[in-house]
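Participant:
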Amino acid sequence: MKIVSWNANCKFREKYKEISKLNADIYVIQESENPETCKDKAYRDFVSNGFWTGGIPFKGLLVFSPNPDIKLELLNWKTQDYRYFLPIRVNDSFTLVGAWACDPYIQEFCDFIRAAKAYLTKDVIIIGDLNSNAIFDMDNQRTGKTHSIIVDELRQIGIEDIYHHLNGEEQGKERVPTFYMYRHLDKPFHIDHCFSNPKNIQKMTIHARWQWLALSDHLPIEIYLR
Numbered sequence: 011m012k013i014v015s016w017n018a019n020c021k022f023r024e025k026y027k028e029i030s031k032l033n034a035d036i037y038v039i040q041e042s043e044n045p046e047t048c049k050d051k052a053y054r055d056f057v058s059n060g061f062w063t064g065g066i067p068f069k070g071l072l073v074f075s076p077n078p079d080i081k082l083e084l085l086n087w088k089t090q091d092y093r094y095f096l097p098i099r100v101n102d103s104f105t106l107v108g109a110w111a112c113d114p115y116i117q118e119f120c121d122f123i124r125a126a127k128a129y130l131t132k133d134v135i136i137i138g139d140l141n142s143n144a145i146f147d148m149d150n151q152r153t154g155k156t157h158s159i160i161v162d163e164l165r166q167i168g169i170e171d172i173y174h175h176l177n178g179e180e181q182g183k184e185r186v187p188t189f190y191m192y193r194h195l196d197k198p199f200h201i202d203h204c205f206s207n208p209k210n211i212q213k214m215t216i217h218a219r220w221q222w223l224a225l226s227d228h229l230p231i232e233i234y235l236r
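Oh and the sequence shown: position 224 is 234 in this note's numbering, straight run, nothing missing.
See the structure below:
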């Protein structure tokens, strides 16, 4: 199974045909329109097997499968205060958490992870735009909610940052960015992540900037499950 996460930088209804070329089984899309209020029928049909959450109709979090045979069940975790995290059971076999950490970014992700700790077993996959990297640790040190702290907390329960696990790179020293601020090539950051038990993941790919910067400031990240 292939899962793709991408922050579409809004107007996903105009971009979904491009991301569909990646032929993923499941998509996690940040900054997407609410299908229930979008007038584009083709868009509504394409994302109909899924779930959307958001505060404004044109900029929310969407998790969906274009394959109607893939069963997605929204789980009733006691984490409803954290709107942009969608825990979804997939085919009764594993749990996928689609994520979009909004301001205050890593602090929100830390709060969600701690609130969800009872649910975080080794069959959970967390993927999305977390707006977070170890290079920002000093900015959040006084809160006790830093990127490095939450990476360590997840590691203690057997959940690793998959990019770093597969590539042997240190947090904060990533060679491949996932985001270019303002789409400027001199402002690269690695802020989109996948966390999972490494035994669940066969491969992870970050797509090339030349293919995607015309559409968004983020690059799609793609994982293949074992």
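For glycine and all other residues, C-beta sits at the position ideal for the given N, C-alpha and C.
1) Could you give the DSSP three-state label for R54: helix, strand or coil?
2) Quick one: give me the first and last residue of the beta strand (DSSP E) that N17 is part of.
3) Assign D50 to buried or exposed, taking buried as 16 or more other Cβ atoms, counted over all protein chains shown, within 10 Å of its Cβ.
4) Do the region 35–54 and the region 70–80 touch if we need at least three Cβ pairs shorter than 8 Å?
5) Please list, in chain order, all residues of the same chain as F61 whose beta carbon is under 6 Å from its beta carbon, the five residues on each side excluded.
6) Tell me which residues share the same chain as N44 and place their Cβ nearer than 7 Å to its Cβ, disregarding the 5 neighbours each side in the sequence.
7) For the region 133–142 and the region 187–206, state whether three or more C-beta atom pairs, one from each stretch, are separated by less than 8 Å.
8) Would you identify the three-state DSSP class for L235, choosing helix, strand or coil?
9) Is it true that the CB of D133 sits closer than 8 Å to the CB of Y92?
10) Name the DSSP beta bridge partners of M214, please?
11) By Cβ distance, which residues of its chain are closer than 8 Å to N59, with the 5 residues on each side in sequence left out?
12) Please name the residue, chosen from F56, M191, I136, that lies closest to I231 on a Cα-to-Cα basis.
13) What is the DSSP secondary structure of C204, counted as helix, strand or coil?
14) Tell me, to the nearest whole angstrom, how far the beta carbon of W16 is from that of H174; I am working on the premise that it is less than 8 Å.
15) In terms of alpha-carbon separation, which member of E180, Y94, M148 lies closest to D113?
16) So if DSSP puts I137 in a beta bridge, which residue, or which two residues, is it bridged to?
17) Among residues of its own chain, excluding the 5 on either side of E184, which ones have a beta-carbon nearer than 6 Å to its beta-carbon?
18) State the start and end residues of the unbroken alpha helix (DSSP H) segment that holds Y173.
19) How many angstroms separate the CA atom of I216 from the CA atom of I145?
20) Can you find a C-beta in chain D that's less than 8 Å from the C-beta of K132?
21) For my contact list, A111 and E118 are in at a C-beta cut-off of 8 Å; report their separation, rounded to the angstrom.
22) Determine the contact status of N207 and R236, defining contact as a CB-CB distance below 8 Å.
Facilitator: Put simply:
1) R54 falls in the helix class under three-state DSSP.
2) First-last of the beta strand (DSSP E) with N17: 12–17.
3) By the neighbour-count rule (16 or more Cβ atoms within 10 Å), D50 is not buried but exposed.
4) The answer is yes - the region 70–80 touches the region 35–54, with three or more Cβ pairs under 8 Å.
5) Cβ neighbours of F61 beyond the five flanking positions: V73, L84, L96.
6) Cβ within range, chain order: W62, G64, P67, G70.
7) Enough Cβ pairs lie closer than 8 Å, so yes.
8) L235 falls in the strand class under three-state DSSP.
9) Pairing Y92 with D133 gives a Cβ-Cβ distance that is not under 8 Å.
10) Beta-bridge pairing by DSSP links M214 to I233.
11) F74, S75, P76, N77, P78, I80, L82, listed in sequence order.
12) When F56, M191, I136 are compared, the shortest CA-CA separation from I231 is found for I136.
13) Residue state, collapsed to three classes: strand.
14) The Cβ separation is near 20 Å, so there is no contact.
15) Among E180, Y94, M148, the Cα nearest to that of D113 belongs to Y94.
16) Looking at the DSSP output, I137 shares a beta bridge with G108, C204.
17) For E184, where only same-chain residues beyond five positions count, the Cβ hits under 6 Å are H200.
18) Taken as a continuous stretch (DSSP letters only), the alpha helix (DSSP H) holding Y173 covers 172–177.
19) Approximately 20 Å, taken between the alpha carbons.
20) Included in the structure is just one protein chain, with no chain D present.
21) So it is a contact: roughly 5 Å between Cβ atoms.
22) In terms of Cβ geometry, N207 and R236 do not form a close pair [threshold 8 Å].
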